[in-house]
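Chains F and B supply the protein sequences, listed in that same order.
Residue numbers for the first sequence, in my numbering: 1 to 224.
Residue numbers for the second sequence, in my numbering: 225 to 455.
Don't be surprised by glycine CBs; every beta carbon is placed ideally from N, CA and C.
Data block below; observations after.
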Amino acid sequence: MLEGFGPIVRKDLRLELRSGESTVALLSLSTLILVVMVLVFGPGGARRAEVAAGALWLALIFAGTMGSTRALVAERETGCIRALLLSPVEPGTIYAAKLSVAMIFMAEAGAGVLLILVLFFNLEFGRALLSLIPVFLLGILGLAALCTLLATVSGRVRGGAMLLPVLVVPLFIPALIAGSKASAAVLSGQPLGSVITWIKLLCAFDVLFVAAGYLLFEHVILED
Amino acid sequence: MADVLLQAQRVAKFFGDRPVLHALDFSARGGEAAVIVGRNGVGKSTLIRVLCGLARPSAGRLLLFGREPTTLAAPEFRRIGVLLHQTLLYPNLSARENLEFYSRIFGIVDCAAHALRWLERVGLSRAAEQPVTALSRGMEQRLAIARAMLADPDLILLDEPFAALDADGAALVTALIREALARSAAVIFTAHSPLEIMGVDLGLFKLEGGALSPFKEDGRRGPLRSLLRRL
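Quick look at the structure:
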């Protein structure tokens with residue numbers, strides 16, 4: 001069922017290693033957003049955990065929408081997506097590969113963002129930061145699923161890259177609330193078990209958008 | 225008689241309100257070759273995209289191997305080879321990496337050796353490690369043709385395969401078309417002017433005003449036709 005998944009992912013990662021386009025876009029944009037957040041709210045204060053969690057998600061959502069779907073957008077620009085659609089690879093598998101690549105780019109940028117976050121907000125490397133990892137991974141899975149599907153839709157219109165955040169952000173709000181609340185809680189020292197409701201919401205969001213993307217990709221990618 | 229591999233029944237295509245193709249009837253059997261001739265902008269590329277199942281017809285019915293393209297099982301796409309205006313090659317991958325990648329997703333065994341064989345076949349062995357961005361337009365076209373023919377497809381649709389090719393390149397394409405026909409593949413391609421390939425019974429069609437009709441000889445020979453007659 002996932003025949004062709006591995007070669008597509010490996011090819012996208014190889015292309016990224018050569019150009020670095022997505023990594024540079026994601027890291028520079030997310031760093032900029034973090035710097036702005038630190039300048040506006042200050043690094044310390046009683047609500048440090050909440051501000052740090054908000055900054056993390058804000059950086060991820062905007063950098064993610066701008067940079068993570070670069071592989072898919074480039075594939076459209078060169079027309080290579082047509083060759084994939086005319087190959088024995090299932091459209092759902094192409095979606096799964098593109099989603100995985102977007103998630104890898106986001107995770108890579110997220111690791112950088114977390115490091116900067118620790119430095120900017122004087123957070124401690126420790127259990128709180130480790131507890132943040134599952135929340136963070138669930139969040140980027142949902143965001144990558146949504147971005148990959150909507151980049152396919154926005155790629156059909158002129159200036160679609162600018163349209164993507166407008167489409168993604170409203171739909172991502174439930175996951176954004178869950179992710180930022182759970183992140184703030186674990187960063188302030190609460191155990192992961194105390195945010196299980198938010199984690200369940202993130203899981204539900206992921207299942208919904210991964211399944212929707214897998215099933216709808218074939219219909220939105222085909223030409224009129 | 226060979227199976228009908230492609231059948232277009234009253235196929236039409238509109239872009240918005242603008243009709244590009246009108247109620248076309250067309251079919252191709254294994255071992256048959258057809259060339260569709262037409263001026264620039266007449267809809268040849270659109271026709272190829274519709275016939276390979278990449279673009280949906282606005283009206284009518286298209287059958288590939290007896291089934292509608294949307295109901296074709298993914299492995300059936302191994303049987304279709306398509307060359308479009310865009311070369312469908314990754315600019316930052318080398319010629320070898322491109323063919324290896326496509327061999328892999330087409331499930332070809334020993335894809336590295338297969339890619340090298342095809343590079344040699346299209347005369348690009350020396351340029352194997354060059355990125356596509358460094359290739360000339362003619363070399364890129366050769367590589368694109370290799371990509372389309374890589375899996376020995378049964379149905380081959382080529383949009384202006386002779387574009388940007390020199391005499392050797394044109395000879396290469398005619399040889400590949402002959403080989404494909406010899407193994408009972410159907411080959412449909414487009415061209416600006418009518419042409420002949422020695423030893424090949426080529427169906428000539430003219431696309432004009434969105435309608436497809438058998439091409440009638442008017443005594444004129446374009447430079448491409450004269451060249452191919454010699455090959």
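Assumed close pair residue i, residue j - CB separation to whole angstroms, cut-off 8 Å
{"i": "D477 (chain B)", "j": "L308 (chain B)", "result": "Since the first residue shown for chain B is 225 and the last is 455, residue 477 (chain B) is missing from the structure and cannot be characterised."}
{"i": "F136 (chain F)", "j": "S22 (chain F)", "result": "Incorrect: roughly 18 Å between the Cβ atoms, too far for contact."}
{"i": "L367 (chain B)", "j": "L340 (chain B)", "result": "Contact doesn't hold; Cβ gap of about 13 Å is too wide."}
{"i": "Y326 (chain B)", "j": "A83 (chain F)", "result": "7 Å"}
{"i": "F330 (chain B)", "j": "P88 (chain F)", "result": "6 Å"}
{"i": "L164 (chain F)", "j": "T65 (chain F)", "result": "5 Å"}
{"i": "Q365 (chain B)", "j": "T311 (chain B)", "result": "7 Å"}
{"i": "A71 (chain F)", "j": "E3 (chain F)", "result": "So it is not a contact: roughly 19 Å between Cβ atoms."}
{"i": "G434 (chain B)", "j": "G267 (chain B)", "result": "6 Å"}
{"i": "S30 (chain F)", "j": "A63 (chain F)", "result": "4 Å"}
{"i": "L428 (chain B)", "j": "V228 (chain B)", "result": "Actually they do not touch by this definition, with Cβ atoms about 20 Å apart."}
{"i": "G92 (chain F)", "j": "E218 (chain F)", "result": "7 Å"}
{"i": "L216 (chain F)", "j": "L149 (chain F)", "result": "6 Å"}
{"i": "F386 (chain B)", "j": "A415 (chain B)", "result": "7 Å"}
{"i": "A319 (chain B)", "j": "L359 (chain B)", "result": "7 Å"}
{"i": "L389 (chain B)", "j": "G362 (chain B)", "result": "6 Å"}
Opening and closing residue of the beta strand (DSSP E) in which residue i lies
{"i": "P438 (chain B)", "result": "435-438"}
{"i": "T357 (chain B)", "result": "Careful: T357 (chain B) lies outside any beta strand (DSSP E) and carries neither H nor E."}
{"i": "K92 (chain F)", "result": "Inspection of the sequence shows that residue 92 (chain F) is occupied by Gly rather than by Lys. Note, G92 (chain F): premise wrong, no beta strand (DSSP E); alpha helix (DSSP H) at 91-120."}
{"i": "V235 (chain B)", "result": "228-239"}
{"i": "E432 (chain B)", "result": "426-432"}
{"i": "A283 (chain B)", "result": "283-288"}
{"i": "E410 (chain B)", "result": "It should be pointed out that residue 410 (chain B) corresponds to Ala in this sequence rather than to Glu. Here the beta strand (DSSP E) through A410 (chain B) covers 410-415."}
{"i": "I380 (chain B)", "result": "379-382"}
Close beta carbons around residue i, own chain, < 6 Å, minus the five adjacent residues each side
{"i": "A178 (chain F)", "result": "W198, L201, L202"}
{"i": "A232 (chain B)", "result": "L248, F250, L286"}
{"i": "I401 (chain B)", "result": "V411"}
{"i": "V38 (chain F)", "result": "F120"}
{"i": "I81 (chain F)", "result": "E75"}
{"i": "T210 (chain F)", "result": "According to the sequence displayed, residue 210 (chain F) carries Val and not Thr. Counting only Cβ-Cβ distances below 6 Å, and skipping sequence neighbours, we find A145."}
{"i": "V220 (chain F)", "result": "T152, V153"}
{"i": "R273 (chain B)", "result": "A279"}
{"i": "E256 (chain B)", "result": "A410"}
{"i": "F41 (chain F)", "result": "V51"}
{"i": "R156 (chain F)", "result": "none"}
Same chain only: Cβ atoms within 7 Å of residue i, ignoring 5 sequence neighbours per side
{"i": "A184 (chain F)", "result": "A49, E50, A53"}
{"i": "E108 (chain F)", "result": "T23"}
{"i": "L283 (chain F)", "result": "Outside the shown range of chain F, which is 1 to 224, sits residue 283 (chain F), and nothing can be said about it."}
{"i": "E300 (chain B)", "result": "F289"}
{"i": "K173 (chain B)", "result": "Nothing can be reported for residue 173 (chain B): it is not among the residues displayed for chain B, which extend from 225 to 455."}
{"i": "P281 (chain B)", "result": "V235, A236, K237, V274"}
{"i": "G213 (chain F)", "result": "Y95, L99, A145, T148, L149"}
{"i": "L313 (chain B)", "result": "N322, V356, E364, L367, A368, R371"}
Delimiting residues of the alpha helix (DSSP H) encompassing residue i
{"i": "L254 (chain B)", "result": "Note on identity: in this sequence residue 254 (chain B) is Gly, with Leu being the wrong assignment. Unbroken run through G254 (chain B): none, as it is neither H nor E."}
{"i": "A55 (chain F)", "result": "48-67"}
{"i": "L405 (chain B)", "result": "391-406"}
{"i": "E77 (chain F)", "result": "70-78"}
{"i": "S269 (chain B)", "result": "268-275"}
Cutoff 8 Å; reference residue i; Cβ partners in own chain excluding five residues on either side
{"i": "T357 (chain B)", "result": "P315, N316"}
{"i": "F125 (chain F)", "result": "V118"}
{"i": "G443 (chain B)", "result": "In this prediction, G443 (chain B) has a pLDDT of 49, which is less than 50 and means its spatial position is unreliable; nothing more can be read from the coordinates."}
{"i": "D12 (chain F)", "result": "A71, A97, K98, V101"}
{"i": "A370 (chain B)", "result": "L323, W342, L343, R345, V346, L348"}
{"i": "S194 (chain F)", "result": "A185"}
{"i": "L167 (chain F)", "result": "L150, V153, S154"}
{"i": "E292 (chain B)", "result": "R285, L286"}
Original post:
In the region 295-342 of chain B, which residue ranges form an unbroken alpha helix (DSSP H) of at least 4 residues, counting only runs that do not cross its ends?
Top reply: DSSP runs (the alpha helix (DSSP H)) wholly in the region 295-342 of chain B: 319-329.
Original post:
Listed from N- to C-terminal order along the chain, which residues in the region 360-371 of chain B have their beta-carbon within a distance smaller than 9 Å of any beta-carbon of chain F?
Top reply: Within the region 360-371 of chain B, contact with chain F at the beta-carbon level (separation under 9 Å) is assigned to R371.
**OP:** Could you run through the region 74-92 of chain F and flag, in chain order, every residue whose CB is less than 8 Å away from some CB of chain B?
**Re:** Here the close residues are T78, G79, C80, R82, A83, L84, L85, L86, S87, P88, V89, E90.
Original post:
Relative to chain B, which residues along the region 34-55 of chain F have a C-beta separation below 7 Å, given in chain order?
Top reply: Flagged: no residues at all.
**OP:** With 8 Å as the C-beta to C-beta threshold (strictly closer), list the residues of the region 6-20 of chain F near chain B in chain order.
**Re:** Shown in chain order are the members of the region 6-20 of chain F whose Cβ falls below 8 Å from a Cβ of chain B: P7, I8, K11, R14, L15, R18, S19.
**OP:** Go through the region 17-42 of chain F residue by residue and report every complete run of the alpha helix (DSSP H) that reaches 4 residues or more, in order.
**Re:** Listed in chain order, the alpha helix (DSSP H) elements of length 4 or more contained wholly in the region 17-42 of chain F are 21-41.
Subject >> Interface residues of the region 286-306 of chain B facing chain F [CB-CB below 7 Å] >> reply: Here the close residues are A298, P299, F301, R302, I304, V306.
Original post:
What are the residues of the region 313-325 of chain B that lie near chain F, defined by any Cβ-Cβ distance shorter than 8 Å?
Top reply: Among the residues of the region 313-325 of chain B, those with a Cβ less than 8 Å away from any Cβ of chain F are L313, Y314, P315, N316, L317, E321, F325, in the order of the chain.
**OP:** Kindly provide the ranges of any alpha helix (DSSP H) runs that are 4 or more residues long and lie completely inside the region 151-220 of chain F, ordered along the chain.
**Re:** Counting only runs of 4 or more, we get 160-187.
**OP:** Check each residue of the region 104-120 of chain F: if its Cβ is closer than 8 Å to any Cβ of chain D, include it; give the result in chain order.
**Re:** Of the chains in the structure shown, none is chain D; the protein chains are F and B.
Subject >> Members of the region 324-346 of chain B that neighbour chain F once the beta carbon cut-off is set at 8 Å >> reply: Along the region 324-346 of chain B, going in chain order, the ones with a CB nearer than 8 Å to a CB of chain F are F325, Y326, R328, I329, F330, G331.
Subject >> Members of the region 263-289 of chain B near chain F, C-beta cut-off 8 Å >> reply: Answer in chain order: R273, C276, G277, L278, A279, R280.
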